[in-house]
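Here's the structure, in structure tokens; my notes come after.
Number of protein chains: 2
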Amino acid sequence: MKIKDIGEQGLLKKLQSFCPSDIIGDDGAVLSINPQQQLVITTDVLVDNVHFSDRTTPPDTVGWRAATANLSDLAAMGATPIGITVGLCLPGDMSVHWVEQLYQGLAECLQRYNTPIVGGDICSSSVTTISITAFGQVEPSRVIRRCAAQPGQVILITGYHGMSRAGLELLLNPKLGHNLTPSEQECLILAHQRPNPRLDVLPYLWDKMGTTQIGGMDSSDGLADAVIQLCRMSGVGAKIERSRLPISPILSQWVSPEQALDWVLYGGEDFELVLCLPENLALELLKNLEEGAAIIGKIIEEPQVILIKENGQRDLNLFQGFQHFS
Amino acid sequence: MKIKDIGEQGLLKKLQSFCPSDIIGDDGAVLSINPQQQLVITTDVLVDNVHFSDRTTPPDTVGWRAATANLSDLAAMGATPIGITVGLCLPGDMSVHWVEQLYQGLAECLQRYNTPIVGGDICSSSVTTISITAFGQVEPSRVIRRCAAQPGQVILITGYHGMSRAGLELLLNPKLGHNLTPSEQECLILAHQRPNPRLDVLPYLWDKMGTTQIGGMDSSDGLADAVIQLCRMSGVGAKIERSRLPISPILSQWVSPEQALDWVLYGGEDFELVLCLPENLALELLKNLEEGAAIIGKIIEEPQVILIKENGQRDLNLFQGFQHFS
């Protein structure tokens, strides 16, 4: 059954179970914000064949990953989610099942974090496009910003990197997985298809941060990109120690150290948090985080991002002279 | 100059004057909500060749109308705007000038209502798509809802209808305007290209509504559609008196009474408010509104929307038996 067979009203009916019927295409949503908190808003647009592909990604996976990307943007600012809106552009010959599965994936992820779909819009287009705006709330003193990294702070990551990229590789070339156990394979594929936003990290931070300003963002575009962006926005630099970059045992066993390092730095879509904060606070936070979380380096004044070899020599200048971008 | 020539970073730089540079594509926005008020969120997606056409609508007009459509959705819920986010999908061969003009039109309209663009996302797609989410705030007792119309209330419109449709006709067939003065022509074209959201009506309502529940929505999809939607959502019906439907003098003079009535009922995009409220409150409100505002009928229990002729006979049943849609 295609969308053009049942029309917009028919499609809205099918999606009612995911979103209150009086919201999609009707009144806007009315929400309450905790009076002590500020509203955080992030927007993300996903386009077919740019951000996902109908051919390689099942629609429930597209939905889950879209939800995670948006909740991760909130987590990266220190905010807890209140709701999201979904603006959907769909071709008339798209199957109704595809749209239902997309919403199913969205809803499954959102439910884990008690986040409702509070509204949206659906319209016809030749290109499938998913535009999500996510709302969260945060106490003003707890806002995490990309521009708040300061020299002397350490850089903490909340989990392993490279796993999502490895999962994609396995999905594209299943034969490569012959020396991995089924549960190792599943672990990598889940990392790619069902990544989790690190909202769980926030309460541990609140517990200990007091009035400390924390710099941070998520690693959705890769760990190296996150460090570079943080440095660029804060007007600082960073030294990353190669020996402190956690490599998951599955990755070490599966691919060469060079390949593993490449995926860890540039793989992307791991949706971990990359936080810049005082070392004592970082050490306290680490006690509450699982394997894969680590302090990987520190923020320096000189505006360059350097990877340091095991023997202490400079290995790679990840990014230099980025001031002209700002 | 095309977007692909300057890249996303180049485009963001060009748009910085419309939106703080640290927001588009970077951190999300952090906003404060008045602690006594609730957050209202509405989402609207516009697609090239569906909701606007590059060929007939200049980009600044597309921007203005998109801003008005979203602010009108807030006004229709009784909310004052706080900000909007803009998710933009653009083909790489789109001219940078087009995008700048789009933002110029958006910004011009938003500035009138002190509404900032607080964030957004820009990405590549073969189809130009504009996805706007608007945020407003409202005191809980002042929320206007589509489902709140009650039998006995009168139906008030805040201005003339059919003007936007007439403006479109004039743009499509300029020769038809030969018996209109230049200022009459400009009036119709402005109604189509530069419609205003009726946020100005809200303070007069607040002044007098007390704890009265008001039903309402805007007439963006036409006056008849608005009355039908209000009745459908509230489980009521309506009697509209043809003699009380205001027809603008320009329209009466330009087209036949039948054509004028058709545009008034079905033309769309006038962005007036259609409010259901007690007669005494409606009469008070009318004192503050300009020519074209009127009480056009009343809400009845029987779930049908009837147009009543000058002689009191039923003229047209605009909609009957719509319960099966709900």
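First to last, the sequence lines map onto chains A and B. Under full-length UniProt numbering, the first residue of the first sequence is numbered 1, with each subsequent residue one higher. Under full-length UniProt numbering, the first residue of the second sequence is numbered 1, with each subsequent residue one higher. All C-beta atoms in this analysis are idealised placements derived from N, C-alpha and C, irrespective of residue type, glycine included.
CB-CB length for residue i against residue j, believed under 8 angstroms
i                : j                : result
Thr43 (chain B)  : Ile41 (chain A)  : In fact, because the Cβ distance is near 12 angstroms, the residues do not count as touching under 8 angstroms.
Asp73 (chain B)  : Ala134 (chain B) : 6 angstroms
Lys298 (chain B) : Ile155 (chain B) : 6 angstroms
Glu241 (chain A) : Ile308 (chain A) : 5 angstroms
Ala282 (chain B) : Ile295 (chain B) : 5 angstroms
Leu46 (chain A)  : Ile82 (chain A)  : 21 angstroms between Cβ atoms; not a contact.
Bridge partner(s) assigned by DSSP for residue i
i                : result
Met217 (chain A) : A:Val274
Ile189 (chain B) : Partner(s): none; Ile189 (chain B) has no beta bridge.
Ser238 (chain B) : Note that residue 238 (chain B) is Ala in the sequence shown here, rather than Ser. In the DSSP output, where bridge partners are listed per residue, Ala238 (chain B) has B:Ile299, B:Val305.
Pro81 (chain B)  : B:Gly136
Ala294 (chain B) : B:Ile157
Ala148 (chain A) : Bridge partners of Ala148 (chain A): none, in fact.
Ile117 (chain A) : A:Ile84
Glu227 (chain A) : Note on residue identity: the sequence assigns Val, not Glu, to residue 227 (chain A). Partner(s): none; Val227 (chain A) has no beta bridge.
Phe52 (chain A)  : A:Asp48
Val96 (chain B)  : Per DSSP, none; premise fails for Val96 (chain B).
Val40 (chain A)  : A:Gly136, B:Val30
Leu90 (chain B)  : B:Ser124
Ile130 (chain B) : B:Leu46, B:Leu88
Arg314 (chain A) : A:Ile308
Lys2 (chain A)   : A:Ser95
Rounded straight-line distance, which links the Cα of residue j to that of residue i
i                : j                : result
Ala76 (chain A)  : Ile117 (chain B) : 21 angstroms
Pro278 (chain A) : Gln153 (chain A) : 5 angstroms
Leu172 (chain A) : Val255 (chain A) : 15 angstroms
Lys289 (chain A) : Trp64 (chain A)  : One detail in the question is off: residue 289 (chain A) reads as Leu in this sequence, not Lys. If I take the Cα positions, the gap works out to 23 angstroms.
Leu11 (chain A)  : Gly92 (chain A)  : 11 angstroms
Gln313 (chain B) : Met209 (chain B) : 34 angstroms
Lys4 (chain B)   : Pro140 (chain B) : 46 angstroms
Met233 (chain B) : Glu8 (chain A)   : 17 angstroms
Gln36 (chain B)  : Ala29 (chain B)  : 21 angstroms
Glu258 (chain B) : Ser164 (chain B) : 17 angstroms
Gln185 (chain B) : Ala293 (chain B) : 21 angstroms
Glu301 (chain B) : Gly119 (chain A) : 29 angstroms
Gly105 (chain A) : Gln253 (chain B) : 56 angstroms
Asp48 (chain A)  : Thr181 (chain B) : 49 angstroms
Ser53 (chain B)  : Trp206 (chain B) : 38 angstroms
Gln111 (chain A) : Ala66 (chain A)  : 14 angstroms
Asp121 (chain A) : Gly136 (chain B) : 18 angstroms
Leu199 (chain B) : Arg142 (chain B) : 14 angstroms
Asn114 (chain A) : Glu291 (chain B) : 49 angstroms
Ser248 (chain B) : Ser183 (chain B) : 14 angstroms
Glu310 (chain A) : Leu245 (chain A) : 11 angstroms
Ile6 (chain A)   : Lys13 (chain A)  : 10 angstroms
Asp262 (chain A) : Cys276 (chain A) : 22 angstroms
Cys123 (chain B) : Ala260 (chain A) : 30 angstroms
Cys89 (chain B)  : Asp221 (chain A) : 19 angstroms
Leu202 (chain A) : Ile33 (chain A)  : 18 angstroms
Ser243 (chain B) : Asn280 (chain B) : 20 angstroms
Gly25 (chain B)  : Leu176 (chain B) : In this prediction, Gly25 (chain B) has a pLDDT of 48, which is less than 50 and means its spatial position is unreliable; what the coordinates show is noted afterwards. Going by the C-alpha atoms only, they are around 46 angstroms apart.
Gly321 (chain A) : Pro174 (chain B) : Reliability of the predicted coordinates at Gly321 (chain A) is poor, the pLDDT of 40 falling under 50, and no value is obtained from them.
Neighbourhood of residue i by C-beta, 7 angstroms cutoff - its chain only, sequence neighbours within 5 removed
i                : result
Thr68 (chain B)  : Cys109, Pro195, Asn196, Pro197, Phe271
Tyr103 (chain A) : Leu15, Phe18, Gly63
Asn70 (chain B)  : Thr42, Asp44, Ile84, Ile132, Ala134
His178 (chain A) : none
Leu168 (chain A) : His192
Gln323 (chain B) : Residue placement at Gln323 (chain B) cannot be trusted, given a pLDDT of 37 that sits under 50; what the coordinates show is reported in the next sentence. Closer than 7 angstroms at Cβ, skipping near neighbours: Pro303.
Val50 (chain A)  : none
Leu188 (chain B) : Met163, Ala166, Gly167, Leu170, Ile250
Gly87 (chain A)  : Gly120, Asp121, Ser131
Thr211 (chain A) : Ser141
6 angstroms Cβ shell around residue i - same chain, five flanking residues per side excluded
i                : result
Cys231 (chain A) : Gly237, Ala238, Val305
Ser219 (chain B) : Ala226, Asp270, Glu272, Val274
Thr57 (chain A)  : none
Tyr204 (chain A) : Leu285, Asn288
Gln144 (chain A) : The identity of residue 144 (chain A) in the sequence shown is Ile, whereas the question assumes Gln. Cβ neighbours of Ile144 (chain A) beyond the five flanking positions: Met77, Gly78, Ile214, Gly216.
Ala107 (chain A) : Phe18
Same chain, Cβ closer than 8 angstroms to residue i, neighbours up to 5 away in sequence not counted
i                : result
Lys2 (chain A)   : Gly92, Asp93, Met94, Ser95, Val96
Arg146 (chain B) : Gly215, Gly216, Met217, Gln229, Leu230, Met233, Ser234
Ser326 (chain B) : Bear in mind that the predicted position of Ser326 (chain B) carries a pLDDT of just 30, short of 50, making it unreliable; the figure below should be weighed with that in mind. So the list reads Arg232, Met233, Gly235, once near-sequence residues are dropped.
Gln38 (chain A)  : Gln137, Val138, Glu139, Pro140, Val143
query = Does the count of Cβ pairs from the stretch 266–283 of chain A and the stretch 116–127 of chain A closer than 8 angstroms reach three?
reply = no
query = Does the stretch 90–99 of chain B come within contact of the stretch 149–169 of chain B, defined as at least 3 CB pairs closer than 8 angstroms?
reply = no
ask   = Do the stretch 213–221 of chain B and the stretch 143–150 of chain B touch if we need at least three Cβ pairs shorter than 8 angstroms?
value = The stretch 213–221 of chain B, when compared against the stretch 143–150 of chain B, does touch it at the 8 angstroms Cβ threshold.
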